[in-house]
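Reviewing the structure listed below.
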Amino acid sequence: MTDHAFKNGAVRWIDSRLPVFSILYHSTSGYPTPKNLNYWWNFGSLALFMLVVMVLTGIFLAMNYTPESTMAFNSVERIMRDVDYGWLLRYMHANGASFFFFVVYVHIFRGLYYGSYKAPRELLWWLGLIIYILMMATAFMGYVLPWGQMSFWGATVITNLFSAIPWVGNAITTWLWGGFAVGNPTLNRFFSLHYLLPFVIFAVVGLHLWALHTSKSSNPLGIDPKGPQDTIPFHPYYTVKDLFGVGILVCVYAFFVFFAPNFFGEPDNYIPANPLVTPNHIVPEWYLVAFYAMLRSIPNKLAGVLVLAAALLILFLVPFLDTSRVRSGKFRPVYKQFFFLFLIDFGVLIYVGMQEVSDTMVVIGRVATAYYFLFFLVIMPLLGWFEKTKPLPISISAPVLKPENAQVKKQEKA
Amino acid sequence: MRTALVAAAAAFAASTLVALAPLPSQAADSPNWSWTGIFGKYDPAQLQRGFQVYHDVCSNCHSLSLLYYRNLGGDGGIGLSDDDVKKFAAEKQVPDEPNDQGDVKPRAARPSDHFVAPFPNNNAARAANGGALPPDLSLIVKAREGGPNYVYDILTGFTDPPKDVKVPDGKYYNKTFAGNLISMPPPITKDSLVTYADGTKNSVEQESQDIVAFLNWAAEPELNVRHNLGIKVLIFAGILTLLAYAVKRKIWADVH
Numbered sequence: 017m018t019d020h021a022f023k024n025g026a027v028r029w030i031d032s033r034l035p036v037f038s039i040l041y042h043s044t045s046g047y048p049t050p051k052n053l054n055y056w057w058n059f060g061s062l063a064l065f066m067l068v069v070m071v072l073t074g075i076f077l078a079m080n081y082t083p084e085s086t087m088a089f090n091s092v093e094r095i096m097r098d099v100d101y102g103w104l105l106r107y108m109h110a111n112g113a114s115f116f117f118f119v120v121y122v123h124i125f126r127g128l129y130y131g132s133y134k135a136p137r138e139l140l141w142w143l144g145l146i147i148y149i150l151m152m153a154t155a156f157m158g159y160v161l162p163w164g165q166m167s168f169w170g171a172t173v174i175t176n177l178f179s180a181i182p183w184v185g186n187a188i189t190t191w192l193w194g195g196f197a198v199g200n201p202t203l204n205r206f207f208s209l210h211y212l213l214p215f216v217i218f219a220v221v222g223l224h225l226w227a228l229h230t231s232k233s234s235n236p237l238g239i240d241p242k243g244p245q246d247t248i249p250f251h252p253y254y255t256v257k258d259l260f261g262v263g264i265l266v267c268v269y270a271f272f273v274f275f276a277p278n279f280f281g282e283p284d285n286y287i288p289a290n291p292l293v294t295p296n297h298i299v300p301e302w303y304l305v306a307f308y309a310m311l312r313s314i315p316n317k318l319a320g321v322l323v324l325a326a327a328l329l330i331l332f333l334v335p336f337l338d339t340s341r342v343r344s345g346k347f348r349p350v351y352k353q354f355f356f357l358f359l360i361d362f363g364v365l366i367y368v369g370m371q372e373v374s375d376t377m378v379v380i381g382r383v384a385t386a387y388y389f390l391f392f393l394v395i396m397p398l399l400g401w402f403e404k405t406k407p408l409p410i411s412i413s414a415p416v417l418k419p420e421n422a423q424v425k426k427q428e429k430a
Numbered sequence: 037m038r039t040a041l042v043a044a045a046a047a048f049a050a051s052t053l054v055a056l057a058p059l060p061s062q063a064a065d066s067p068n069w070s071w072t073g074i075f076g077k078y079d080p081a082q083l084q085r086g087f088q089v090y091h092d093v094c095s096n097c098h099s100l101s102l103l104y105y106r107n108l109g110g111d112g113g114i115g116l117s118d119d120d121v122k123k124f125a126a127e128k129q130v131p132d133e134p135n136d137q138g139d140v141k142p143r144a145a146r147p148s149d150h151f152v153a154p155f156p157n158n159n160a161a162r163a164a165n166g167g168a169l170p171p172d173l174s175l176i177v178k179a180r181e182g183g184p185n186y187v188y189d190i191l192t193g194f195t196d197p198p199k200d201v202k203v204p205d206g207k208y209y210n211k212t213f214a215g216n217l218i219s220m221p222p223p224i225t226k227d228s229l230v231t232y233a234d235g236t237k238n239s240v241e242q243e244s245q246d247i248v249a250f251l252n253w254a255a256e257p258e259l260n261v262r263h264n265l266g267i268k269v270l271i272f273a274g275i276l277t278l279l280a281y282a283v284k285r286k287i288w289a290d291v292h
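Given below as structure tokens:
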């Protein structure tokens, strides 16, 4: 671990006792990264950036928020009106959730396309999925905190899912609520957990990075680096590339925060929670809505909840369900098409989940749900046997170093 | 490939900018609100006219509980002088702190007080309005799909009912309201227009626009500051991104 000789004596002194500098070195300048990572590989660092933004804004929001059911709504409005730049904190936090999920979805779909979950990166993939599920729980509880109509009724609908469990369902929901309906005790515990879970996420992100730095980054070609000619140090190459990515993200994010801050929100959540009035159309945030669409497609409540849980759990089996020996979708012409269909399918599920229930929507939702499972349970395992993959390049450097390509490069530069 | 991606990202950013700039979306027959678009700002004269409408008309039934009288003046306000703010506050009575004998006496409201609601509680409000509760207006623009356009359409949506619709007592026909039967009597009519203090010629459309502007301000008083800061942040982040890209190109120049 301490093979790197630091010039500074103080650094050497500390490092021989507590190797923080060695760890930093091995995660940055000393971390060999495939040199062919494309911009889809930016989204991991973007996700970390969003997590930091969420935690920082959240800490300051919590200083001004009151988790009490008769005061929560007005305390959020007090943040918007009377706390200095409180509107900025809250809009950054509320829109930040959407951007965090967007970035993480791109990150997950990138992993699916390029086969980043395959050996030796199964644990890396599972840790990522745990982060994703923790994020969903955190986001759901955070959405309850403003205690508007959608907060209250969203909490009611989602916690009621647990009542589908046979025998003990109702006892579990009562236990979750801390009463016989969503109320002040529910709000209190959701606030507590909403503050706790991000730090759990941080810890799992640490493990995720640890696993990453052990198995090393995958790459768009899906072949392992053959030597130092195939890799470049993470710092400065990918730190500067990630900085550029963060810049673009900040531009788009800032646009929504400052000019369309309620674009992702529901108007109903600006009405204080009222247990006696049900909103016409209860809908979760867009990042959870695909699974809500699956739930609504199933006529039986328990079956619906099981399908919802299965849709998430099946992602953990992906390393075993994918039987192909080729990692990257780049060399898998058939998988590629099914993958893009899956991407569209997920988009359709989001769309269906946002619409009001109608006969057409139920049919579309069922077809989309069926394809979601078909993709993982049937297509993925079968393709490994039947798909004729394209030939893999010999090494990461090979495609670039071919004489004719090198020639083209030179001409471009001249 | 790299350039193509950057171009795609820039195109995406630009298209969202173009697509969303005039939020909230403008229906064809809706007024042009002064605060939409990234350079949009409130018109203080319009806000003051709107406040006059709230003061003379809406406040008879609707509360504005999230606002303080002090919000009317100062930097984020509608441009009223401190004296005017005090004057408007003092029109209302609020219970004072208990005195040494423990008696609670009324006192005139101060700028530091919340807007005083027209009714002591929801039941009183319902009793005075045929069973219907006039909603608080602090967030009405943000709490309705369509925002300012929806509120404007409600205010201008009172028409004669179609022949086959029977309007019960205490209900009024409104073409915008869900179900078309609303409990609010038409608040702005040709015969009951407010005479504006600033001499602006009034009409149902004018008065409806002015009150919607005021209510939009009440719902998002930070808008002027937000737009102003947002432009600076976008310029800063844009330049930073370009610089980062330039540095990235330079550092990556030797990677093949």
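The listed protein sequences correspond, in order, to chains A and B. Position in the first sequence (from 1) plus 16 gives the number in our numbering. Position in the second sequence (from 1) plus 36 gives the number in our numbering. Using N, Cα and C, we set each Cβ at its ideal position, and we do this for glycine too. The structure displayed is predicted, hence computed values, not measured ones.
CB contact flag (residue 369 (chain A), residue 305 (chain A), <8 Å): Indexing the first sequence from 1 puts residue 369 (chain A) at position 353. Indexing the first sequence from 1 puts residue 305 (chain A) at position 289. With respect to the 8 Å criterion, residue 369 (chain A) and residue 305 (chain A) are classified as neighbours on the basis of their beta carbons.
Cutoff 8 Å: residue 91 (chain B) Cβ touching any chain A Cβ: Looking up residue 91 (chain B) in the second sequence gives position 55. So no, residue 91 (chain B) is outside the interface.
Distance, residue 271 (chain B) Cα to residue 57 (chain B) Cα: As a first step, residue 57 (chain B) is located in the second sequence; it is residue number 21 there, counting from the start. As a first step, residue 271 (chain B) is located in the second sequence; it is residue number 235 there, counting from the start. Low confidence applies to residue 57 (chain B): its pLDDT is 45, below 50, so where it sits in the model is not reliable enough to give any reading.
Helix, strand or coil at residue 164 (chain A) [DSSP, three-state]: Counting from 1 along the first sequence, the entry for residue 164 (chain A) is found at position 148. Correct three-state label for residue 164 (chain A): strand.
Beta bridge counterpart(s) of residue 245 (chain B) as assigned by DSSP: Locating residue 245 (chain B) in the second sequence gives position 209, where the first residue counts as 1. DSSP lists no bridge partner for residue 245 (chain B).
Partners in chain A for residue 162 (chain B), counting only beta-carbon separations shorter than 8 Å: Taking the first residue of the second sequence as position 1, residue 162 (chain B) is located at position 126. Neighbours of residue 162 (chain B) in chain A, taken as residues whose beta carbon is under 8 Å from its own, are absent, since the nearest beta carbon is some 13 Å off.
Paired residues, beta bridge with residue 49 (chain A) - DSSP: Working through the first sequence from its first residue, we reach residue 49 (chain A) at position 33. A:248.
Cβ separation of residue 75 (chain A) and residue 150 (chain A), assumed to be a contact under 8 Å, to the nearest whole Å: What you label residue 75 (chain A) is simply residue 59 of the first sequence in a count that begins at 1. What you label residue 150 (chain A) is simply residue 134 of the first sequence in a count that begins at 1. Incorrect: roughly 18 Å between the Cβ atoms, too far for contact.
Neighbourhood of residue 205 (chain A) by C-beta distance below 7 Å, restricted to the same chain and skipping five residues each side: In the first sequence, residue 205 (chain A) corresponds to position 189, counting from 1. Only 194 meet the Cβ criterion.
Distance between beta carbons of residue 151 (chain B) and residue 250 (chain B), contact taken as under 8 Å: Translated into positions along the second sequence, residue 250 (chain B) becomes position 214. Translated into positions along the second sequence, residue 151 (chain B) becomes position 115. A Cβ-Cβ distance of about 12 Å is found for the pair residue 250 (chain B) and residue 151 (chain B), leaving them out of contact under the 8 Å criterion.
Beta-carbon proximity list for residue 403 (chain A), same chain, < 7 Å, skipping 5 on both sides: The residue you call residue 403 (chain A) lines up with position 387 of the first sequence. So the qualifying residues of the chain are 340, 348, 350, 351.
Buried or exposed by the 16-neighbour rule on C-beta atoms within 10 Å, applied to residue 60 (chain B): The sequence position of residue 60 (chain B) within the second sequence is 24, counting from 1. With a pLDDT of only 44 at residue 60 (chain B), under the threshold of 50, the placement of this residue in the model should not be trusted; the figure read from the coordinates follows. Residue 60 (chain B) is buried by the Cβ-count criterion.
Three-way DSSP call (helix, strand, coil) for residue 81 (chain A) in this model: Translated into the one-based positions of the first sequence, residue 81 (chain A) becomes position 65. The answer is coil: DSSP assigns residue 81 (chain A) none of H, G, I, E or B.
Span separating the alpha-carbon of residue 172 (chain A) from that of residue 320 (chain A): On the first sequence, residue 172 (chain A) is found 156 positions in, with the first residue counted as 1. On the first sequence, residue 320 (chain A) is found 304 positions in, with the first residue counted as 1. Residue 172 (chain A) and residue 320 (chain A) have their C-alpha atoms spaced approximately 17 Å apart.
Below-8 Å beta-carbon distance, residue 280 (chain B) vs any chain A residue: Your numbering for residue 280 (chain B) matches position 244 in the second sequence. Taking Cβ atoms only, chain A reaches closer than 8 Å to residue 280 (chain B), which makes this a yes.
For residue 253 (chain A) and residue 22 (chain A), the rounded distance between their alpha carbons: Working through the first sequence from its first residue, we reach residue 22 (chain A) at position 6. Working through the first sequence from its first residue, we reach residue 253 (chain A) at position 237. Going by the C-alpha atoms only, they are around 21 Å apart.
Beta bridge counterpart(s) of residue 143 (chain B) as assigned by DSSP: On the second sequence, residue 143 (chain B) is found 107 positions in, with the first residue counted as 1. Bridge partners of residue 143 (chain B): B:130.
Residue 70 (chain B) versus B:208, B:282, B:246, B:254, residue with shortest Cα-Cα distance: Counted from its first residue, the second sequence places residue 70 (chain B) at position 34. The residue with the shortest Cα to Cα distance from residue 70 (chain B) is B:246.
DSSP three-state assignment for residue 293 (chain B), whether helix, strand or coil: Past the edges of chain B, shown from 37 to 292, lies residue 293 (chain B), and the structure says nothing about it.
Contact check, residue 303 (chain A) vs residue 114 (chain A), beta carbons under 8 Å: Counting from 1 along the first sequence, the entry for residue 303 (chain A) is found at position 287. Counting from 1 along the first sequence, the entry for residue 114 (chain A) is found at position 98. Contact: yes.
Exposure of residue 263 (chain B), with buried meaning 16 or more beta-carbon neighbours within 10 Å: Counted from its first residue, the second sequence places residue 263 (chain B) at position 227. Buried, because 16 or more other Cβ atoms sit within 10 Å of the Cβ of residue 263 (chain B).
Residue range of the alpha helix (DSSP H) that includes residue 187 (chain A): Start at 1 with the first residue of the first sequence, and residue 187 (chain A) comes out as number 171. Counting along the chain, the alpha helix (DSSP H) containing residue 187 (chain A) begins and ends at 185 to 193.
Cβ-based neighbour list, residue 152 (chain A), same chain, cut-off 7 Å, excluding 5 preceding and 5 following: On the first sequence, residue 152 (chain A) is found 136 positions in, with the first residue counted as 1. Taken in chain order, the residues that qualify are 304.
Per-residue burial, residue 201 (chain A) [other beta carbons within 10 Å of its own, 16 or more giving buried]: Position 185 of the first sequence holds residue 201 (chain A). Residue 201 (chain A) comes out exposed.
C-beta atoms of residue 327 (chain A) and residue 307 (chain A) nearer than 8 Å: As a working mapping, residue 327 (chain A) is identified with position 311 in the first sequence. As a working mapping, residue 307 (chain A) is identified with position 291 in the first sequence. Judged by beta-carbon spacing, residue 307 (chain A) lies within the 8 Å limit of residue 327 (chain A), meaning their Cβ atoms are closer than that value.
Any chain B beta carbon closer than 8 Å to residue 51 (chain A): Taking the first residue of the first sequence as 1, we reach residue 51 (chain A) at position 35. Chain B, which has a Cβ nearer than 8 Å to the Cβ of residue 51 (chain A), makes this yes.
Distance between beta carbons of residue 278 (chain A) and residue 178 (chain B), contact taken as under 8 Å: Here residue 178 (chain B) is taken as the residue at index 142 of the second sequence, counted from 1. Here residue 278 (chain A) is taken as the residue at index 262 of the first sequence, counted from 1. With a Cβ gap of about 6 Å, residue 178 (chain B) and residue 278 (chain A) count as contacting.
Cβ neighbours of residue 211 (chain B) in the same chain (closer than 7 Å, five flanking residues each side left out): Here residue 211 (chain B) corresponds to residue number 175 of the second sequence, with the count starting at 1. Within the same chain, and ignoring the five residues on either side of residue 211 (chain B) in sequence, the residues whose Cβ sits closer than 7 Å to its Cβ are 193, 195.
DSSP beta-bridge partners of residue 194 (chain B): Here residue 194 (chain B) is taken as the residue at index 158 of the second sequence, counted from 1. In DSSP, residue 194 (chain B) forms a bridge with B:210.
Interface flag, residue 288 (chain B) vs chain A, CB-CB below 8 Å: On the second sequence, residue 288 (chain B) is found 252 positions in, with the first residue counted as 1. For residue 288 (chain B), the answer is yes, since a Cβ of chain A falls inside 8 Å of its Cβ.
Min CB distance residue 278 (chain A) to chain B below 8 Å: Walking along the first sequence from the start, residue 278 (chain A) turns up at place 262. So yes, residue 278 (chain A) belongs to the interface.
Chain-ordered residues of the stretch 247 to 270 of chain A with a beta carbon less than 7 Å from chain B: Near chain B, meaning a CB-to-CB distance below 7 Å, the residues of the stretch 247 to 270 of chain A are 248, 252, 253, 256, 257, 259, 260, 263, 264, 266, 267, 268, 270.
Residue 218 (chain B) - partner residues in DSSP beta bridges: Counted from its first residue, the second sequence places residue 218 (chain B) at position 182. Answer is B:208, bridged to residue 218 (chain B).
Partner residues on chain A for residue 21 (chain B), Cβ-Cβ distance less than 8 Å: With chain B covering only 37 through 292, there is no way to say anything about residue 21 (chain B).
Nearest residue (CA-CA) to residue 247 (chain A), options A:154, A:234, A:79, A:259: Here residue 247 (chain A) corresponds to residue number 231 of the first sequence, with the count starting at 1. Put simply, of A:154, A:234, A:79, A:259 the residue whose alpha carbon is nearest the alpha carbon of residue 247 (chain A) is A:234.
Neighbourhood of residue 216 (chain B) by C-beta distance below 8 Å, restricted to the same chain and skipping five residues each side: Counting from 1 along the second sequence, the entry for residue 216 (chain B) is found at position 180. Closer than 8 Å at Cβ, skipping near neighbours: 197, 201, 209, 210.
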